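Reading through the structure tokens given below for one structure.
Below, the structure is given as structure tokens:
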């Protein structure tokens with residue numbers, strides 16, 4: 001049983017990060033129909049900026065705040081400089097732009113920071129906590145708790161604020177939203193900035209466990225995208241569920257079956273799900289009203 | 291004059307000039323090629339190699355060159371991509387007309403370049419790790435880094451001394467991890483070691499607790515060996531401590547032999563053992579050690595020149611360059627074929643990797659003494675006395 005809980009906790013921890021990346025994908029996709037493949041780079045920025053700013057002697061919480069601000073700035077720049085000018089371009093063009101942006105950010109990070117791996121100290125010590133016989137790092141609770149808080153805040157924002165409802169309205173029907181006076185540009189900037197912030201927080205929370213380097217974003221973007229697809233592209237709840245599920249699949253797959261095919265299990269399950277229900281687990285069926 | 295004749299004349303003149311200049315240039319400088327993975331996933335290999343080569347070529351030239359000729363270094367960055375490496379190899383041979391090459395940062399890029407150099411009969415001194423590079427021996431291919439097979443043997447030798455025979459392996463699925471895992475499996479029976487459990491992890495994985503839990507729950511495991519490099523082994527080490535497995539000895543490979551590993555793994559690294567080149571513990575070597583002066587000097591030169599901590603990878607480039615320079619001196623020629631013969635005759639060359647004695651059947655020339663067994667204690671390397 002201890003074994004089961006060990007796999008569960010490590011799966012949930014990794015899954016929470018995938019979930020946050022998937023959430024970023026979803027937010028941007030809803031507002032702008034863009035699949036932003038630079039999403040993983042925000043996770044990298046969050047971790048790397050925190051590492052380098054705190055190395056300059058800035059206290060960790062402040063360094064983390066600076067990292068979030070820097071990431072949001074980069075997210076907004078990405079929107080204003082690359083996405084907005086290409087308005088009206090096809091989805092594929094926009095995806096290519098985001099892939100280009102991701103390569104650019106990775107390259108810039110190589111120059112601005114360096115190519116080494118870096119770590120952050122765990123927020124509340126390294127002494128493992130025993131949970132039903134499983135040894136869990138305290139940082140795992142920070143990751144899980146942080147994810148829960150972000151999901152909750154995002155939910156409140158979307159459901160309870162006018163601005164949030166504007167985002168939802170834009171996601172539902174852009175033309176209609178514009179007709180009722182919603183400023184689409186603001187909504188999109190909000191989506192890019194918000195997803196950058198979520199990614200950066202994910203990076204800050206997870207760096208004490210996973211270490212960071214200039215190129216951690218690539219794999220996270222891939223896994224986050226898979227999680228978003230699994231949950232149903234465009235559904236925030238689905239993104240979280242998809243992320244956690246992906247993490248659990250990897251962990252249980254490696255633990256109970258074979259670590260050699262760890263990544264394969266996750267992707268096979270995703271393929272099966274997408275064959276059976278192409279809209280993902282929680283995706284809405286598109287209804288065309290004529 | 292018609293435009294045609296003008297072009298003809300131009301072509302003729304260019305041909306004449308280049309025909310005249312080329313041998314002249316070749317006589318003035320010694321052209322050494324290099325293809326390294328300075329950027330990309332293997333940049334932690336290529337970057338120190340690149341810096342080392344540039345620094346020492348400059349030093350050699352400032353001191354008057356080799357046999358009175360300056361070295362001209364032609365260096366390309368393949369970004370860790372084997373296809374690019376092969377393109378650059380062809381360019382080195384056909385356009386740059388180098389007389390030898392020090393490089394190929396990884397096994398993958400080296401293997402892609404070998405056919406080009408074999409066909410052109412130009413010597414290649416690889417900085418890649420795997421034994422496949424020099425086994426079977428190919429006429430023009432040499433290498434300087436220790437092989438993963440030697441690392442396995444060094445680890446097993448140590449395990450045998452401690453009477454630990456049942457081991458688990460957790461290896462990276464990257465090229466280095468996979469190759470070393472295979473070599474360890476081959477070498478194990480020779481040392482009476484039984485590999486009871488085997489797990490693996492992806493080079494970018496961020497959590498290995500699932501695999502380690504499986505190993506923990508396998509009965510009778512006396513030690514765990516982790517072939518791999520990059521951040522993976524650091525996470526393995528951290529998870530290992532997290533799961534409270536520290537009572538079972540953990541062995542890392544020479545793939546983590548840099549200060550950054552201790553830094554990344556933190557206190558969890560305490561008690562981890564690994565085989566490593568003398569370079570890592572230069573200041574701890576006894577004065578009688580043949581390698582002491584070389585490794586201390588190289589470390590100082592590298593760290594003063596680049597303001598970065600020294601790594602064994604840059605040392606491999608140092609060894610490759612000076613094996614070549616020695617061969618050029620002895621051959622007193624820049625003919626690739628003569629160079630090859632002299633490289634093969636390298637005897638008693640003291641480098642950062644060990645004492646190199648090459649032969650027609652051994653294009654690496656290192657034995658197990660090139661590896662030192664280290665243990666991490668209190669955030670630093672300690673040299674283990676033989677037999678402990």
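Chains as they are written, first to last, in my numbering: chain D, 1 to 290; chain L, 291 to 678. Backbone N, C-alpha and C fix where the C-beta goes; we use that ideal spot for every residue, glycine too. What you are looking at is a predicted structure, and each value in this text was computed from that prediction instead of being measured.
Check                                                                                                                                                                                       : Outcome
Excluding sequence positions up to five away, which residues of its chain have a Cβ less than 7 Å from the Cβ of residue 321 of chain L?                                                    : 362, 364, 386, 387, 388, 389
In whole angstroms, what is the alpha-carbon distance linking residue 454 of chain L and residue 470 of chain L?                                                                            : 20 Å
For chain D, check one thing: does any of its Cβ atoms lie closer than 7 Å to the Cβ of residue 309 of chain L?                                                                             : Bear in mind that the predicted position of residue 309 of chain L carries a pLDDT of just 49, short of 50, making it unreliable; the figure below should be weighed with that in mind. For residue 309 of chain L, the answer is no, since every Cβ of chain D falls outside 7 Å of its Cβ.
Within a Cβ cutoff of 6 Å, which residues of the same chain sit near residue 585 of chain L, ignoring the five residues on either side of it in sequence?                                   : 568, 569, 572, 642
Taking residue 383 of chain L as the reference, which of L/404, L/371, L/370 has the closest Cα?                                                                                            : L/404
If you follow the beta strand (DSSP E) that residue 565 of chain L is part of, which residue opens it and which one closes it?                                                              : 563-567
According to the neighbour-count rule (16 or more other Cβ atoms, all chains shown, within 10 Å of its Cβ), is residue 132 of chain D buried or exposed?                                    : exposed
When the Cα of residue 73 of chain D is compared with those of D/108, D/197, D/176, which residue comes out closest?                                                                        : D/197
Going along chain L in order, which residues have a C-beta closer than 7 Å to the C-beta of residue 3 of chain D?                                                                           : 503, 507
From which residue to which residue does the beta strand (DSSP E) around residue 662 of chain L run?                                                                                        : 661-667
Using a 10 Å radius around the Cβ and a threshold of 16 neighbouring Cβ atoms, would you call residue 594 of chain L buried or exposed?                                                     : exposed
When you compare the CB of residue 42 of chain D with every CB in chain L, is at least one pair closer than 7 Å?                                                                            : no
Reducing DSSP to helix, strand and coil, say where residue 623 of chain L ends up.                                                                                                          : coil
Does the CB of residue 490 of chain L have a neighbour CB from chain D at under 7 Å?                                                                                                        : yes
Cβ closer than 9 Å: which chain D residues qualify as neighbours of residue 525 of chain L?                                                                                                 : 209, 210, 211
CA-CA distance, residue 409 of chain L and residue 605 of chain L?                                                                                                                          : 28 Å
Could you please give the first and the last residue of the uninterrupted alpha helix (DSSP H) stretch that includes residue 447 of chain L?                                                : 438-451
Output needed for residue 139 of chain D: all residues of its chain with C-beta closer than 7 Å, excluding positions within five of it in sequence on either side, in chain order.          : 122, 123, 208, 209
Decide if residue 111 of chain D is buried, meaning its Cβ has at least 16 other Cβ atoms within 10 Å, or exposed.                                                                          : exposed
Would you kindly report the start and end of the unbroken beta strand (DSSP E) that includes residue 462 of chain L?                                                                        : 456-462
Using only the alpha-carbon positions, how far apart do residue 465 of chain L and residue 35 of chain D sit?                                                                               : 32 Å
Who are residue 135 of chain D's beta bridge partners in DSSP?                                                                                                                              : D/130
Please list the partners that residue 219 of chain D has in chain L, where partner means a Cβ-to-Cβ separation under 8 Å.                                                                   : 494
In the segment 90-116 of chain D, which residues sit with their C-beta less than 8 Å from some C-beta in chain L, listed in chain order?                                                    : 110, 115, 116
Does any CB atom of chain D fall closer than 7 Å to the CB of residue 701 of chain L?                                                                                                       : Nothing can be reported for residue 701 of chain L, as the shown portion of chain L is limited to 291 through 678.
Using 7 Å as the limit for Cβ to Cβ distance, is residue 417 of chain L near chain D?                                                                                                       : no
For residue 316 of chain L, name the three-state secondary structure that DSSP assigns.                                                                                                     : Because residue 316 of chain L sits at a pLDDT of 46, beneath the cut-off of 50, its placement in the model cannot be relied upon, and the following sentence gives the value as read from the coordinates. Three-state result, residue 316 of chain L: helix.
At a Cβ cut of 7 Å, what residues of the segment 29-61 of chain D count as close to chain L, listed as they run along the chain?                                                            : none
State the CB to CB distance for the pair residue 144 of chain D and residue 13 of chain D, rounded to an integer number of angstroms; the pair is presumed to be in contact (CB under 8 Å). : 7 Å
Rounded to the nearest angstrom, what separates residue 103 of chain D and residue 371 of chain L at their Cα positions?                                                                    : 16 Å
Would you check if the distance between the CB atom of residue 347 of chain L and the CB atom of residue 379 of chain L is smaller than 7 Å?                                                : no
Residue 128 of chain D versus chain L: which residues are under 9 Å apart at the beta carbon?                                                                                               : 531, 532, 533, 534
Chain D beta carbons: is any one of them nearer than 7 Å to that of residue 414 of chain L?                                                                                                 : no
Measuring straight from C-alpha to C-alpha, what distance separates residue 367 of chain L and residue 130 of chain D?                                                                      : 48 Å
Verify the CB distance criterion: does residue 497 of chain L have a CB-CB separation below 7 Å to chain D?                                                                                 : yes
Do residue 467 of chain L and residue 518 of chain L have their beta-carbon atoms positioned less than 7 Å apart in this structure?                                                         : yes
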